[in-house]
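Residue -7 is where the sequence shown starts when you use our numbering, and the numbers rise one by one after that.
We put the CB at the ideal spot given by N, CA and C, even for glycine.
What follows is a short report on a single structure.
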Amino acid sequence: MLRWIRQQLGFDPPHQSETRTVYVANRFPQHGHYVPQRFADNRIISSKYTIWNFVPKNLFEQFRRIANFYFLIIFLVQLMIDTPTSPVTSGLPLFFVITVTAIKQGYEDWLRHKADNEVNGAPVFVVRSGSLVQTRSKNIRVGDIVRVAKDETFPVDLVLLSSDRADGTCHITTASLDGETNLKTHYSVAETSVCQSVSQLESLQAVVECQQPEADLYRFVGRITVTQHGEEIVRPLGPENLLLRGARLKNTKEIFGVAVYTGMESKMALNYKCKSQKRSAVEKSMNTFLIIYLGILLFEAILSTILKYAWQAEDKWDEPFYNQKTEQERNSSPILKFISDFLAFLVLYNFIIPISLYVTVEMQKFLGSFFIGWDLDLYHEESDQKAQVNTSDLNEELGQVEYVFTDKTGTLTENEMHFRECSINGTKYREVNGKLVPEGMTDDSPDGSMPHLIGEELLFLKAVSLCHTVQISYDQPDCMVGGGDPFSHANGFSSNHMEYYASSPDEKALVEAAKRIGVAFTCSSGDIMEIKTFGKSERYKLLHVLEFDADRRRMSVILQTPSGGTVLFTKGAESSILPFATGGEIEKTRLHVDEFALKGLRTLVVACRHFSPEEYIDVDRRLNAARTALQQREERLQEAFSYIERDLQLLGATGVEDKLQDKVQETIEALRLAGIKVWVLTGDKHETAVSVSLSCGHFHRTMNILELLQQRSDNECAEQLRILARRIKEDHVIQHGLVVDGASLSLALREHEKLFMEVCKNCSAVLCCRMAPLQKAKVVRLLKTSPEKPITLAIGDGANDVSMIQEAHVGIGIMGKEGRQAVRNSDYAIARFKFLAKLLLVHGHFYYIRIATLVQYFFYKNVCFITPQFLYQFFCLFSQQTLYDSVYLTLYNICFTSLPILVYSLFEQLVHPHVLQNKPGLYRDISKNSLLSFRTFLYWTLLGFCHAFVFFFGSYILMGEDTTLMGNGQMFGNWTFGTLVFTVMVITVTLKLALETHFWTWMNHFVTWGSIAFYFIFSLFYGGIIWPFLHTQDMYFVFVQLLSSGSAWFAIIIIVITCLFPDVVKKVFYRHLQPTSTQKSQSLSAPQTQALSCVESLCCYQHGQSGCSRLAHLLEQITGQCQASTNHCHTSSRNNRSWSDTENLYSNDRSILTLSPIEATHC
């Protein structure tokens, strides 16, 4: 029980031993005093709270906020000493704020618990008590034998015991872990691979000894001891024996494995960063402003206390005849009396710190986050997925992003490769309707006729069909019974029963393309490879595979042909094939490869070499000697490969397109115009990553690509960085792009962070390849903690992106094909990368301007509220008399002025969403937290003080000398004066917000005029009735009496106009003399057009076609905004859209979001 409680509170001690011993099927030794090791359960936890720690942990986090902690202190002071106001005035708002915030954060954490429960409750099969038992994922224990079927993900980290294959191998994809979509082969040891049934596994006696959990995905050290017939057999275990949680089983019917790392100890979970509380830049600014206002409060309280004692230096004021001191008061300590008076003034002025600011911000963020989910432009119809918000605390941060870190596989790309073109013997071909058509010719052959391929073309296609490591999966193996042919349908080219699985997506695309053209790879059994050339079978014997490696950048196969000859087929990057080619159209092929690359295609060059019997004997001897060498095996293999892969006959080249997601290029360009730098961080190969960067517009063709690759020492890395820095300085014109690999990055970050950052910041685009998950997080942290402290955003779709997503200020998950780990751990989730443009440029812009105005308006209205209270002390001998009634003190922020600013902060739009997306440059206007700069903060604060002075002294001038404002000579008193000031203040601060509002809805009108009306109605009822539950009723009939005076009404109107008229004049002059880019954009649309656009946007379809555009066009004609001539409107449309480059406009606007027809035709 104690250990369970410690686990719940997160205090469970770490493992003491350096290794762990796992007994397969939990068969613990029966002899001796064996104490089993304790392991974590298999639950994945992404939530912050539990039932047990929610209250203390949430209260601790809330009271870390300055305003909450301050009001707690004020509340305690009011309880302990005699203060001018009731403790309820501070306690009630504090309780309301804490409760609302706790409910909101509890709800968001409940959603995380719900997502975790889906994962932890997934059904799995384990072997227990001699049978296969279905249980939940969270119930798997270390030592359990787990069965995983084809296309399922592994629920824990497993050591492979056996598979349905005789050799005990299986194929998996790790795309959700490291971004690689290629098929990987994993192996079981020979002694366990024969245990393919539950009964055999139940009788298996084996023990796995391995290292304790660590985050490195590619490292695993262990050994398995199998007991057979009383004899112990020990076999080594490595990464090729370990199946990681989150990976997916492919091309294998089922496997059995023993669980070694579970739950939060699995490698996938260890690559998650610890979830920390993210705080937005606006919240940090709020805390800074609160400290300044705390300083103002302390200054006012200290000044009032000092002035009180200065007044009381005279006896007539210290102890007047009508207020004699008690004996206890005369004998009390002067120091204690000073402190008590200081605290009393502190309580009197404490409302200058707006406690309701936090709860309004919380409500604004929570309610505002629904707009993202409701936005149909962020809805992906094909997958039926809408955008979702996991953390609403960071909405405004979307408007402050300076760096975007994106994954490549599944985020920028669709993970789909398509064959596009090829070059054979110096001639370019493209595929048309399953046929190779030379460049410049059309496919005019009749359907069904076999295309005529000459010898070179046929040899090239055979090389493509045979030079690979593709696996074949038969979906319906029954068709193979009795020697049946899986290609017996449709002239031997049916793919109904067969699916290719490749070691790289390029290989799969090429083999599928060759199959469509007529040369189909049909069978791979042991060392036999079979192809069908237009229905005719050919069997090749696979003699050797020369595996791909990063140094050679090519792979080869040596085959025995059906005629008995020996041939080598090789394919790889042009830089690793062409230098070794001695025959073929080398120069033409080189030109074609460059042309393919310019089109953004991934290129491979194909070549062959024929061996004589004597040559092959020599090649075979060299390869066998190198592969069986115990010393320097890798070096000897490289020598053998270099000897074999020479004197090549060039066959041709291929161009494969890695299909990008829709509108990726336009989105990256829009982000660039908005002043956002994009970094691509991927676990993929260097060549693949560069190719995709070029095709998606991250790298431009005119860009000078700098490389920091394969650095092996600190000194070498530092020297290369200095060379790159010099090249950047010497060339000021060309844009630079930087390519870094994981190994070089580790060296650069270890000793040369400053130099590396200098190079990166001078580059327009940065690409980091071969990145481990935690390396991605390190790069993000490096930028985050740099001196400029930019706001960062990370976006990815796989478990390998989780650390990066959690490290960045804003984390976005893509709902892709690689599971839901990234989505579950992100702040926001979208279905496609293209949605990022609207999320930042529109939603980010709106959220930021709304909350920036909300924060500053709150400080402004509280300065207006409390400054008259401070000024009033000069007229009441600093006796701590309140100017306002305690009910007004409590309700000012909660009821009278709260709703207008909340509605404003939900619906305000400075500029139409279409304009924001089509003019990404407007995003720069709000960058660097510009709307919450010290200058704007000072303006709002001084404005508040000015208005407060006008409220107080305007009322004082009116009532100071002559308080007989009634026609019958009846005089006004203290509460009437305070109520007059309060009335003017409520009206002025509400109308001030109305002046700031650009986007009026019926709800704005309702709460703006409704708040003023509610104040009047409430005051009439509060002061017009004797309430039995109130101890005192100072306000009885005060408000009714005030409103019955014509002079009071005149004073209210004059004071309100005096306050707001200068503000109106300032706005008009600034808009005409020094308009900002945003104000210029506002002037693009007339008010009527904006109103129509609102209607239009409600029925505007995804691609700009509107269901009500005819109605809108008719309304435009009626209002005189557009001539009836259609041609004129079309011309006007073109004119309106031809914005100049100097305006930072996104010229290709239709690719991001189509303007509604009503705006396109505005004249």
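Per the coordinates, the alpha-carbon of S129 lies some 15 Å from the alpha-carbon of H105. Secondary structure in the stretch 102 to 174: the beta strand (DSSP E) runs of 3 residues or longer, each lying completely within the stretch, are 115 to 120, 123 to 128, 137 to 141, 149 to 155, 162 to 165 in chain order. A Cβ-Cβ separation of about 5 Å places V598 in contact with L643 under the 8 Å criterion.
Comparing C-alpha distances from I949 to each of S457, A1040, C868, K830 shows the shortest one belongs to A1040.
Counting only residues of its own chain and dropping the five nearest sequence neighbours on each side, W992 has no CB closer than 6 Å to any other CB. For S277, the enclosing alpha helix (DSSP H) stretches over residues 273 to 303. The beta carbon of L663 lies closer than 8 Å to those of V396, V670, L828, A829, L832, P912 in the same chain, with the five residues before and after it left out. According to DSSP, residue pairing for G249 in a beta bridge involves V138, L152. For W967, the enclosing alpha helix (DSSP H) starts and ends at 966 to 988. Within the same chain, Cβ atoms closer than 8 Å to the Cβ of S361 are found at V381, S384, N387, the five residues on either side in sequence being excluded. Where Y884 is concerned, there is no enclosing beta strand (DSSP E), because DSSP gives it neither an H nor an E.
Given a length threshold of 3 residues, each whole run of the beta strand (DSSP E) inside the stretch 735 to 822 is given here in chain order: 757 to 761, 784 to 788, 802 to 806, 820 to 822.
Following the DSSP letters along the chain, one finds Y395 inside the beta strand (DSSP E) bounded by residues 395 to 398.
For C709, the enclosing alpha helix (DSSP H) begins and ends at 706 to 722. For Y492, DSSP records a beta bridge to I464. In this structure, the CA atom of A632 is about 32 Å from the CA atom of S738. Here C600 carries a strand assignment [DSSP, helix/strand/coil].
Contiguous alpha helix (DSSP H) elements confined to the stretch 544 to 607 occur at 566 to 569, 578 to 590, taking only those with 4 or more residues.
A direct Cα-Cα distance of roughly 25 Å separates R211 from R546.
Taking 9 Å as the cut-off, the Cβ atoms of R544 and E637 count as close.
Rounded to whole angstroms, F1061 and G1038 show a C-alpha spacing of 35 Å.
Membership of K242 in the beta strand (DSSP E) is indicated by the continuous run 240 to 242. Contact annotation, T77 with L340: C-beta distance approximately 7 Å; criterion of less than 8 Å satisfied. Between N966 and Q1033, the gap from beta carbon to beta carbon reaches 9 Å or more. Here the alpha carbon of L891 sits roughly 37 Å from the alpha carbon of I331. CA-CA distance, T166 to V751, rounds to 32 Å.
Beyond the five residues adjoining it in sequence on each side, V199 comes within less than 6 Å, by CB distance, of Y15, T217 in the same chain, given in chain order. T352 counts as buried, since at least 16 other C-beta atoms from the protein chains shown sit within 10 angstroms of its C-beta.
Residues of the same chain with a CB within less than 7 Å of the CB of L570, apart from the 5 flanking positions on each side, are I578, R582, V597 in chain order. In this structure, the alpha-carbon of L103 lies about 11 Å from that of E110.
With a beta-carbon spacing of about 5 Å, V549 and C459 fall inside the 8 Å limit used to define contacts. Under the three-state reduction of DSSP output, L902 falls in the coil class, being neither helix nor strand.
Going by DSSP, T525 is part of the beta strand (DSSP E) stretching over 520 to 525. Between D149 and Y62, the C-beta spacing is not below 9 Å. Comparing alpha carbon positions, the residue from E292, V151, I284, G647 closest to G230 is V151. Taking the C-beta atoms as reference points, I660 is found no nearer than 9 Å to M695.
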